[in-house]
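Some notes on the structure that comes next.
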Amino acid sequence: APDAPESGGTAVLSALGTLQNVELPAPETPSDDGGDPAPESAHLISEAERLALADRSAYSADPTFVEPPEGETFSLLDPGYLSQRAALLDPEESMDSAEPGKEPATTDDKKEEGTSHISIVDGDGNMASMTTSLQSNFGSFHMAGGFFLNNHLENFATEPEKNGEPVANALAGGKRPRTAMAPTMVFSAREDGSIGKPFLATGSPGGSEITSYVVKNLVAMLDWGMDPQSAADLRNFGAISRSESVVEKGWGSTDGSTGDDLVNALDGPGPDPKESTMPSGTATILRHDGVLVGGADPRREGEVRGG
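For the sequence shown, position 250 (counting from the first letter as 1) is numbered 250 according to UniProt numbering, and the numbering increases by one without interruption.
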């Protein structure tokens with residue numbers, strides 16, 4: 001997963017590293033066409049994402065302009081640090097607003113759209129995961145050399161200071177704006193502990209919701225044993241900021257009761273989750289026992305192809 005300022009990858013790894021310290025029950029009734037995650041798992045995953053996004057909001061920016069904690073972005077992925085973050089997770093209650101885990105800076109969160117993702121394996125077994133974005137639909141509406149120019153300047157914070165503190169993602173000449181994109185590849189581990197070959201490529205468009213889409217997919221496949229298509233079909237949920245959680249709307253109740261099973265289960269202390277369309281576009285390839293298995297998100301126009 002990419003490093004800053006493409007900070008979605010760091011947020012994904014931070015959430016996953018935090019979740020390594022807790023148990024995540026698999027869905028009780030998984031189905032081939034999606035379904036709800038276990039409420040306890042959805043709660044803990046959302047909380048871990050809040051902690052990750054709090055760190056992302058505070059520190060992620062162009063590292064040539066803003067020095068990350070301890071001079072290295074990956075210090076936020078230290079197992080000891082993430083173990084401390086995991087201790088903040090409460091299986092019964094939600095935190096009102098997650099705080100960054102190291103000396104905080106401040107920033108503004110910006111919403112993104114107009115993004116695409118592709119995962120691919122060629123005939124020689126080379127694997128790639130790529131997310132590309134114009135930011136808004138048609139970007140800046142200006143074309144050069146046959147393609148549209150993006151308008152990612154909107155990803156910068158609009159003010160250089162907040163509450164008297166410098167904003168990490170403030171606009172500056174020659175500075176790269178932060179983005180939530182998180183193209184991800186998972187590698188096997190050799191017997192000596194070194195990194196082996198990639199066996200999974202995934203990612204999604206979706207702006208501020210990308211972190212939750214990628215984390216959901218990875219947990220579903222790596223922890224719960226789902227195939228790529230079932231993982232994509234699984235209901236979307238998660239955190240989109242340090243203080244806001246969302247659940248994919250339109251699923252309703254399975255027992256005829258009023259409301260929504262997952263939303264009702266997640267209601268409680270702390271802010272209630274909001275319902276949203278959550279139009280993910282995950283594209284995944286998994287290499288399993290020499291066979292390539294694909295999964296395309298049914299919420300958009302993507303599809304699996306091979307030959």
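By construction, the Cβ of each residue, glycine as well, lies at the ideal position given by its N, Cα and C atoms.
- Spanning the alpha carbons of Thr18 and Arg85 requires a straight line of approximately 7 Å.
- Counting only the Cα atoms, Gly307 lies some 47 Å from Gly101.
- Gly203 places its beta carbon less than 7 Å from that of Thr131.
- By DSSP's assignment, Arg287 forms a beta bridge with Leu292.
- Residue pairing for Pro198: DSSP places it in a beta bridge opposite Phe187.
- For Met221, the enclosing alpha helix (DSSP H) covers residues Ile210 to Leu222.
- For Glu47, the enclosing alpha helix (DSSP H) starts and ends at Pro39 to Tyr59.
- In this model, Val293 and Ala182 are separated by some 21 Å (Cα to Cα).
- Comparing alpha-carbon positions, the option among Ala52, Ala11 and Phe138 lying closest to Gly146 turns out to be Phe138.
- Pro160 sits close to Ala170, with the two beta carbons spaced by under 7 Å.
- Here Ser46 really is in contact with Gly238; their C-beta atoms are around 5 Å apart, less than 8 Å.
- Rounded to whole angstroms, the separation of the alpha carbons of Asn163 and Arg176 is 23 Å.
- Ile210 is not a Cβ neighbour of Gly9, given a cutoff of 7 Å.
- Non-local C-beta neighbours of Arg235 in its own chain, meaning closer than 8 Å and more than five positions away in sequence, comprise Gly34, Gly35, Asp36, Pro37, Val247, Glu248, Trp251 and Leu262, ordered along the chain.
- When DSSP reads this structure, Val304 sits in no beta bridge, so it has no partner.
- Between Ala11 and Ala52, the gap from beta carbon to beta carbon is short of 7 Å.
- Non-local beta-carbon contacts of Leu286 in its own chain, meaning distances under 6 Å to residues more than five positions away in sequence, involve Leu200, Pro228 and Val293 in chain order.
- Counting along the chain, the unbroken alpha helix (DSSP H) around Gly80 starts and ends at Pro79 to Ala86.
- Considering only Met226, Trp224, Gly225 and Lys274, the residue with the shortest C-alpha distance to Ser241 is Lys274.
- In the structure shown, Ala144 adopts extended strand secondary structure according to DSSP, grouped into three states.
- Taking Ser129 as reference, the option from Val304, Ser136, Ile118 and Asp122 with the minimal CA-CA separation is Ile118.
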